[in-house]
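Under my numbering, residues 26 to 276 are what the sequence shown spells out, in order.
Ideal Cβ placement from N, Cα and C applies to all residues, glycine included.
Being a predicted model, the structure only gives us computed values, none of them experimental.
Report on the following structure.
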Amino acid sequence: PAFRRNPRGLAFRAMLRKCRSVPRVLTTPAFVFPMLPTLAGCDAGVLILGETGSGKELYARAVHYTSARGTRALVAVNCGAIPAELVESELFGHVRGAFSNAYTARAGLVREAEGGTLFLDEIDSLPLPAQAKLLRFLQDMEFRPVGGDSVQHANVRVIAASNHDLLGLIEHGRFRRDLFFRLHVLSVTLPPLRERVEDICPLALRFMQQFASQNKRPTLGLSPQAVKRLLAQDWPGNVRELKHVIERAVL
């Protein structure tokens with residue numbers, strides 16, 4: 026990997042290891058390459074692409090915690106888990122009485138992320154009306170809580186992620202082209218685990234340490250037979266699948 030021959034990459038990897046907020050998984054080769062220091066060193070929006078389970082949220086956390094915003098909040102939201110009629114309220118908050126059951130005011134996720142980073146996972150799941158509202162927010166970093174009268178300003182960095190072909194969704198009218206280009210200031214595509222075989226054993230060992238510690242079990246190593254079996258797998262579920270396999274083995 027390029028970072029092994031790049032002093033800047035080596036220095037950044039050492040910095041990651043010293044940062045307690047960043048999971049140790051992120052010091053593996055596939056996560057530390059020249060693009061990561063670039064993303065962490067600026068405040069532009071980032072679009073992270075990759076298959077399900079490839080580590081998009083972990084990567085977003087690495088960008089956040091090693092950036093100038095790293096001491097502030099990282100608010101992660103799965104856009105696919107928010108009902109369409111509640112997206113605007115979840116993101117921008119609402120005032121009391123804005124709609125049925127709005128018995129109290131709510132700040133919203135954008136306000137919770139003030140000074141830090143808002144991570145929008147499965148951005149492709151947002152319905153088109155919500156995409157339009159998000160685009161308007163990204164243009165000026167201003168929003169109006171649902172039912173509110175005053176416009177509020179936000180100081181947040183937005184990182185979005187998707188496991189779909191957004192350009193294909195644009196062609197089918199399911200994703201806004203202007204929102205794509207607004208999110209696509211900087212972009213990185215995470216390779217699937219099957220394409221980064223050098224990461225499998227380091228990840229497995231670190232997951233073993235993690236689950237052994239959590240469950241008060243002895244920390245074991247990997248036998249040659251175990252290594253052979255791990256490397257022979259295709260890992261369609263990527264890092265998430267590997268993590269679950271190791272967790273079951275430890276338990």
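Starting from the C-beta of N180, find all residues in its chain whose C-beta is less than 8 Å away, skip the five residues before and the five after it, and write them out in chain order.
-> For the purposes of this step, residue 180 is identified with residue 155 of the sequence shown, where counting begins at 1. E139, G140 and M166.
Given that a residue counts as buried once 16 or more other Cβ atoms are within 10 Å of its Cβ, and exposed if not, what is T129?
-> Here residue 129 refers to the residue found at position 104 of the sequence shown. Per the 10 Å Cβ criterion, exposed.
Residue of E272, G262, V210 and E223 minimising C-alpha distance to Q239 = As a working note, residue 239 is residue 214 in the sequence shown. Closest option to Q239, Cα to Cα, is E272.
Have a look at G172, S187, L267 and G78 and flag the residue whose alpha-carbon is nearest the alpha-carbon of R231.
-> Taking the sequence shown and counting its residues from 1, the one referred to as residue 231 is at position 206. Here the closest residue by C-alpha is L267.
Could you say if the stretch 144–153 and the stretch 186–203 meet the contact criterion of at least three C-beta pairs nearer than 8 Å?
-> yes
Contact check, T214 vs G75, beta carbons under 8 Å | For the purposes of this step, residue 214 is taken as residue 189 along the sequence shown, with counting starting at 1. For the purposes of this step, residue 75 is taken as residue 50 along the sequence shown, with counting starting at 1. Yes, Cβ-Cβ distance for T214 and G75 is below 8 Å.
Helix, strand or coil: which one does DSSP assign to E139?
-> Taking the sequence shown and counting its residues from 1, one reaches residue 139 at position 114. In the structure shown, E139 sits in coil (DSSP, three-state: anything other than H, G, I, E or B).
Contacting residues, own chain, Cβ-Cβ under 8 Å from L256 (five flanking each side not counted) | Here residue 256 is taken as the residue at index 231 of the sequence shown, counted from 1. Taken in chain order, the residues that qualify are V222, I225 and C226.
Look at the alpha carbon of A101 and the alpha carbon of Q250, and state the distance between them as a whole number of angstroms.
-> Residue numbering aside, residue 101 sits at position 76 when the sequence shown is read from its first letter. Residue numbering aside, residue 250 sits at position 225 when the sequence shown is read from its first letter. Whole-angstrom Cα-Cα distance: 38 Å.
Rounded to whole angstroms, what's the CA-CA distance from W260 to V270? Just pull it up for me.
-> Here residue 260 corresponds to residue number 235 of the sequence shown, with the count starting at 1. Here residue 270 corresponds to residue number 245 of the sequence shown, with the count starting at 1. Each residue's alpha carbon lies about 10 Å from the other.
Pull up the CB-CB distance for L211 and F200, whole angstroms please, since I reckon it's below 8 Å.
-> Here residue 211 corresponds to residue number 186 of the sequence shown, with the count starting at 1. Here residue 200 corresponds to residue number 175 of the sequence shown, with the count starting at 1. The pair is not a contact, with the Cβ atoms about 18 Å apart (cut-off 8 Å).
Neighbour-count burial assignment, N103, 16 or more Cβ in a 10 Å radius | Here the question's residue 103 lines up with position 78 in the sequence shown. Under this definition N103 is an exposed residue.
Residues of its chain near F236, where Cβ-Cβ distance is below 6 Å and the 5 sequence neighbours each way are ignored = Translated into the one-based positions of the sequence shown, residue 236 becomes position 211. Only E272 and V275 meet the Cβ criterion.
Q164, buried or exposed, once every other Cβ within 10 Å from all chains shown has been counted against 16 = Taking the sequence shown and counting its residues from 1, one reaches residue 164 at position 139. Per the 10 Å Cβ criterion, exposed.
Would you grab the beta carbon distance between G122 and S150 for me? Rounded to a whole angstrom, and I think it's under 8 Å.
-> As a first step, residue 122 must be located in the sequence shown, where it is residue number 97. As a first step, residue 150 must be located in the sequence shown, where it is residue number 125. Rounded, the Cβ-Cβ distance is 29 Å, inconsistent with contact.
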